[in-house]
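Q:
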Ligand code: AP5
Ligand code: ZN
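Numbering (the numbering used here), first residue to last: 640 to 854.
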């Protein structure tokens, strides 16, 4: 399957993507994770992306689209993928459509995670991520690690993302409303949109997502 995951920052896209990708045996492709890996390896792409991410703005399309395309062309993505954080504006959605059409492929579904703003702010404020693996995500109250600051899965150090500060989160939400939300109508018009509530237990949300994808 070829799936796009959309939803505001902190909706739980990364959390759900980890389970869905495993259940569906497809790779989880997160443009945010790809940018963060480039930044930590100090690549040229990372250096170009960093200031935009620190400010909570979108990284320009000419950097993002090429990076996403390179990742989607890897052999493990030949039979499907779960995109998390891409596309993030209508021009990226159009570029994705063009890429897939050229390759004789199409999207199967766009899963939209709905959560109100107060809740995403709480989720982001308490989020802690493992330095060894960005798929190891915790929350100080909703999903606390057994030992403070230590990853349950691998023992790695947990940290708070630089763009999770209050001021940056406000801008990320604004950017989501103005630039990313329009892709919801874009995909609705294509008959691909499946909207689910992302409130409640992580496992319940995964079940809702799996049910929505079967429709
Ligand atoms: P990105 O990394 O994509 O960040 P985001 O979209 O802001 O999303 P988050 O990672 O903040 O949240 P999430 O929905 O994955 O939530 P999570 O599962 O962690 O992008 C970062 C930046 O990169 C952008 O600002 C931009 O600069 C750049 N970028 C990336 N893609 C780009 C693109 N295509 N174009 C241009 N620029 C791009 O969950 C959050 C917390 O909630 C966790 O602590 C988790 O434990 C907890 N939680 C999850 N589910 C539940 C639940 N059901 N109940 C209670 N707690 C929960
Ligand atoms: Zn870990």
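Glycine included, every Cβ here is placed at the ideal spot set by N, Cα and C. Note that the structure is a prediction, hence the values are computed from the model and not measured.
1) For residue 766, which beta-bridge partners are listed by DSSP?
2) Using the three-state DSSP reduction, which class does residue 841 fall into: helix, strand or coil?
3) Indicate the three-state DSSP secondary structure (helix, strand or coil) for residue 674 in the structure shown.
4) What's the C-alpha gap between residue 661 and residue 712?
5) Going along the chain, which residues of its own chain have a beta-carbon closer than 6 Å to the beta-carbon of residue 749, five neighbours each way excluded?
6) For residue 848, which residues from the same chain have a beta carbon less than 7 Å from its beta carbon, with the 5 sequence-adjacent residues on both sides left out?
7) Considering only heavy atoms of ligand 2, list every residue whose Cβ is less than 6 Å from one of them, following chain order.
8) Take residue 810 as the anchor and find which of 776, 674, 760 and 839 has the nearest alpha-carbon.
9) Check the DSSP bridge columns for residue 833 and list the partner residues they point to.
10) Taking the beta carbon of residue 790 as the centre, do at least 16 other beta carbons fall within 10 Å, making it buried, or is it exposed?
A: By the coordinates alone:
1) 778
2) helix
3) helix
4) 20 Å
5) 643, 826, 831 and 832
6) 655, 659, 750 and 835
7) 769, 771, 772, 775, 790, 792, 793 and 795
8) 760
9) 750
10) buried
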